[in-house]
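See structure below.
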Amino acid sequence: MKITNVRLSVLESDQLVRDFQLIKLPGQERERWIHSSGLNGQSRRTSKRQHEFVMHVDTDDGVTGHCTAISEGVASITKLDVEQLRGLVIGENPLHREHLYQKLHQGTRWVYRSAGWAGAFDNCLWDIAGKVANLPVWALIGKVRESIPAYLNILGTTMEEAVEDAQGAVSDGFIATKDHFYHPFRENIIWLTAIRDAVGSSIDLMHDPVGIYTYDEAVIVGRSLEQLEYRWFEEPIPERSHNRLKQLTNELTIPIMANETLMFDVDISAQWMISGATDLIRYNARTGTTAGLKLAHMAELYGTNVEFNGTGGLWGLVHAHLLCSIQNTSYYEYFKGGWLDETGKSMGMTNPIIPKKGRISPPEGPGWGAEWDWERFKKATIDVWE
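Count along the sequence shown from 1, then add 715; that gives the number in this note's numbering.
Take a look at the structure:
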């Protein structure tokens, strides 16, 4: 079995590209900049429709693996990336995933690409392997659970709106929520307390201020989170502040998760864990399933969890398989209204992951189990790189 081609479909989404505006966080002695949606829930939408990318890896046996690549607006993939990948993998056996992982991972520096650049390709190989074996990917890895709970990212431009959103999440069956409160730290503590008071002690809560705190502020907020029994403290300070993060993990008992902006580099993420600069590991399988499994198994041996960021590939399908096949993980991250997941429907994938009573589970079909309306897919396609 040999790889014969690597293609990329460019699709036009119903979503408009967001144009983030930066504003200064008020009430601060030092300048601190955030995007405006952190305070008022708004970001400008341009008139340009967002592009989505789907990679296809063809084989001489007629089996094709499919997976989304990173969406425009988060980062992007270029024609040169696809051409470079094609030149490195055509003629290779797609079932030799570890060989191809090592070739592309070690070769990243030598072909002048960014870490994790071949993640979509790796995910396509897993799709091929499942289709050849007529098994879902979760069966290839080995399932550890039938389903997993999701947490809802709550919203609110006022504390009352945020409380209402959290209460609504609980009513919808979610047993955990996460905020992205970007206010001055003392105001955030008031909001965090209000959320806990509103949902009670049985709901898991997580706080993600997206790195806005100083070290001293993070210690104060962290102490409050410990008293409020929050589950984790995500990105408390800028994630490249390696020494300060080590101090913070030693100072606080609440688990720190501190590698989201670094998670596409599996080696750096591993070093943050080994050195004690993070307690929990963040990962997104857009960087590839093979790398993610390596990191998850390493975290397990360190006695900690890998927690998955966002929907991952195929509008939730890739993460659904992995979350039900990895012991040391706890939640699927879900965004209100399914605005990330359900984009897949407009692209022609008819079974994106949507929580039911606060839980998600992977499909039973071979590979990633994606179900496609290919006519709709073709209608959304504006270009093909082949």
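Glycine included, each C-beta is placed from N, C-alpha and C at the ideal position.
Quick caveat: nothing in here was measured; it's all calculated off a predicted structure.
- Contact annotation, Val804 with Ile718: C-beta distance approximately 5 angstroms; criterion of less than 8 angstroms satisfied.
- Setting aside the 5 residues that flank it on each side, Leu740 is surrounded in the same chain by Arg747, Ile749, each with a C-beta closer than 6 angstroms to its C-beta; the list follows chain order.
- With a cutoff of 8 angstroms on beta-carbon distance, Thr1002 and Asn974 are scored as not near each other.
- Shown here for Arg946: same chain residues with a beta carbon closer than 6 angstroms to its own, the five before and five after excluded, namely Asp919, Met921 in chain order.
- Taking all protein chains shown into account, Phe836 has 16 or more neighbouring C-beta atoms within 10 Å of its C-beta and is therefore buried.
- Taking the C-beta atoms as reference points, Glu950 is found nearer than 8 angstroms to Val925.
- In the same chain as Val914, and ignoring 5 residues on each side of it, the C-beta atoms closer than 6 angstroms to its own belong to Ala881, Val885, in chain order.
- Residue state for Lys1009 is assigned as helix, using DSSP reduced to three classes.
- Looking at the DSSP output, Cys782 bridges to Met770.
- Taking all protein chains in view, the Cβ of Tyr827 is surrounded by fewer than 16 other Cβ atoms within 10 Å, so the residue is classified as exposed.
- For Ile1069, the closest alpha carbon among the candidates Asp887, Ala877, Val721, Trp1089 is that of Asp887.
- By the C-beta criterion, the region 856-869 is judged to be in contact with the region 1072-1083, since at least 3 inter-stretch pairs fall below 8 angstroms.
- Short of 6 angstroms from the beta carbon of Cys839, and not among the five residues preceding or following it, lie these beta carbons of its own chain, in chain order: Met770, Val772, Gly780, Cys782.
- Rounded to whole angstroms, the gap between the alpha carbons of His898 and Met874 is 11 angstroms.
- If the five residues before and after Trp832 are omitted, its C-beta is found closer than 7 angstroms to the C-beta atoms of Asp796, Thr823, all from its own chain and listed in chain order.
- The shortest CA-to-CA distance from Val936 to any of Leu870, Leu907, Met1064 is the one to Leu907.
- According to DSSP, residue pairing for Thr892 in a beta bridge involves Leu867, Leu920.
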